[in-house]
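Here is the structure we will look at.
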Amino acid sequence: MNETVLSNCIVVGFVNYGESDRIVKLFSKERGLISAIAKRIRSHKHKWLGLLEVGHTLEVTLTPPKNDLWLLTGIQEIGSTSTIRKDLLKLSTMQYCCEVTATLSITDDPNPKLYGLLEHTLGLLKHMPTPGSAVLNGFAIKALAISGHPPQLETCTLCTQPIKTGTDRYFHSALGSMVHQRCIENPQHQPIHAQHLFHTPKQWRTDVEALLKQPMLTYWESNIATVKINKRSATWLLTELIEHTVERGVRSRSVLQTLYP
Ligand SMILES: [Zn+2]
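In the working numbering, the protein residues as written are 15 to 275.
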């Protein structure tokens, strides 16, 4: 049988299947996102079980897919996550970055830049201190930009005019854009779904632009301004944008949300 070896794969998600199988989402440098099944690994403490966890870097051997599902026939560990797993914030950030990567990726569509971003972030999580909330936001905006969905922070989508500092502006998480207050109030632009609007703190836009442009290492321990409106926080605006872009929830935010205000 034709076997394929993928030498750089990161486990970005999994579901247990049936009595003892596990279906893993692998993000491969060479192939992009693929799904593969590992059979009979959940019984008898199979040695693969500990390797097929989110965040691990592996070299895998696969046989070609049936119904888009590859069969895993060999695994070699390249990078372990044991140091990350000792710290709840690091672990949750890793799970978030892996889920965002999976969410923004298309099956069988390689994205080496996104792979590089995830690999780099996992490396920093291993060696750096506990990250601040700037890291998950930095990952989110870099991943959005790499995947072709950068938020529009400088101009208002509704009127296409620049947003000047000092003017009253909101971030619209479904449009992925800053909007003027005057444009929201303009009946011409109705209906604007108010639940997507967030009055951002003054420095939010420049902070987010810096997260995109600067290396993650430079803001590793920083937190982004935590402005809360009702139960929403500016910390999660970029995640909301991802959720609107892909039309489904980012599940791993729920743990992180209890750790960051
Ligand atoms: Zn406008």
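Even glycine gets a Cβ: it sits at the ideal position worked out from N, Cα and C.
Hey, would you say residue 50 sits closer than 8 Å to residue 85, going by beta carbons? Taking 8 Å as the Cβ cut-off, residue 50 and residue 85 qualify as a contacting pair.
Next on the checklist: Which residues neighbour ligand 1 when neighbourhood means a C-beta less than 7 Å away from any of its non-hydrogen atoms? List them by chain order.
Outcome noted: Spelled out in chain order, the answer is 170, 172, 173, 175, 193, 194, 196, 197.
Subject >> Own chain partners of residue 221 with C-beta closer than 7 Å, once the 5 adjacent residues on each side are dropped >> reply: Contacts found: 238, 239.
Exercise. So what does DSSP say about residue 84, is it helix, strand or coil?
Worked result: Three-state result, residue 84: strand.
| Mind checking residue 165: buried by the 16 CB within 10 Å criterion, or exposed? | Residue burial annotation: residue 165 is buried, with at least 16 other C-beta atoms found within 10 angstroms of its C-beta.
- Within 10 angstroms of the Cβ of residue 183, are there 16 or more other Cβ atoms? Answer buried if so, exposed if not. Buried is the call here.
Check whether residue 116 and residue 27 have beta carbons under 8 Å apart = Yes.
If distances are taken between C-alpha atoms only, which option among 200, 251, 226, 34 comes closest to residue 189?
The shortest C-alpha separation from residue 189 is found at 251.
Reduced DSSP category for residue 23 - H, G, I as helix; E, B as strand; rest coil: In the structure shown, residue 23 falls within a strand segment according to DSSP collapsed to helix, strand and coil.
Quiz item: Do you know how far the Cα of residue 41 is from the Cα of residue 120?
Solution: Those two C-alpha atoms are separated by around 10 Å.
Point to revise | Uninterrupted alpha helix (DSSP H) stretches inside the region 84-171 (no shorter than 4 residues) | key: Within the region 84-171, the complete alpha helix (DSSP H) runs of at least 4 residues are 102-118, 126-141, 147-160.
In three-state terms, what does DSSP make of residue 233?
In the structure shown, residue 233 sits in a helix (DSSP, three-state: H, G or I).
- How about the region 76-91 and the region 131-142: do they share at least three Cβ pairs that are nearer than 8 Å? In short, these stretches do not touch, since the Cβ pair count stays below three.
Exposure label - residue 39; buried when at least 16 CB within 10 Å: Residue burial is scored here from C-beta neighbours: residue 39 has at least 16 other C-beta atoms within 10 angstroms and is therefore classed as buried.
Inset, instruction - Report the rounded CA-to-CA distance for residue 255 versus residue 58, giving the unit in angstroms. - result: One alpha carbon belongs to residue 255, the other to residue 58, and they sit about 42 Å apart.
query = CA-CA distance, residue 167 and residue 52?
reply = Taking the straight line from one Cα to the other gives about 43 Å.
- Query: Is DSSP giving residue 261 helix, strand or coil here?
  - Reply: Three-state DSSP puts residue 261 in coil, outside helix and strand.
Practice problem: With DSSP as the reference, please indicate the residues paired to residue 182 in a beta bridge. | Solution: Its beta-bridge partners do not exist; DSSP assigns none.
- Simplified DSSP state of residue 256, which is helix, strand or coil: Note: residue 256 maps to helix in three-state DSSP.
Cβ neighbours of residue 114 in the same chain (closer than 7 Å, five flanking residues each side left out)
For residue 114, where only same-chain residues beyond five positions count, the Cβ hits under 7 Å are 153, 154, 157, 256, 264.
CA nearest to the CA of residue 260, picked from 83, 161, 73: Closest by alpha carbon: 161.
Check: Are the Cβ atoms of residue 294 and residue 241 separated by less than 8 Å?
Finding: The structure shown does not extend to residue 294, since the chain is modelled only from 15 to 275, so the question has no answer here.
Q | residue 227: first and last residue of the uninterrupted alpha helix (DSSP H) it sits in | A | In the DSSP assignment, residue 227 falls within the unbroken alpha helix (DSSP H) covering 218-227.
Check: Could you give the distance in angstroms between the alpha-carbon of residue 159 and the alpha-carbon of residue 225?
Finding: Distance between residue 159 and residue 225, taken at the CA atoms: about 11 Å.
Can you tell me which of the three DSSP states residue 310 falls into? As displayed, the chain neither begins before 15 nor continues past 275, which places residue 310 out of reach and without an answer.
Cα separation between residue 219 and residue 171?
Going from the Cα of residue 219 to the Cα of residue 171 covers about 15 Å.
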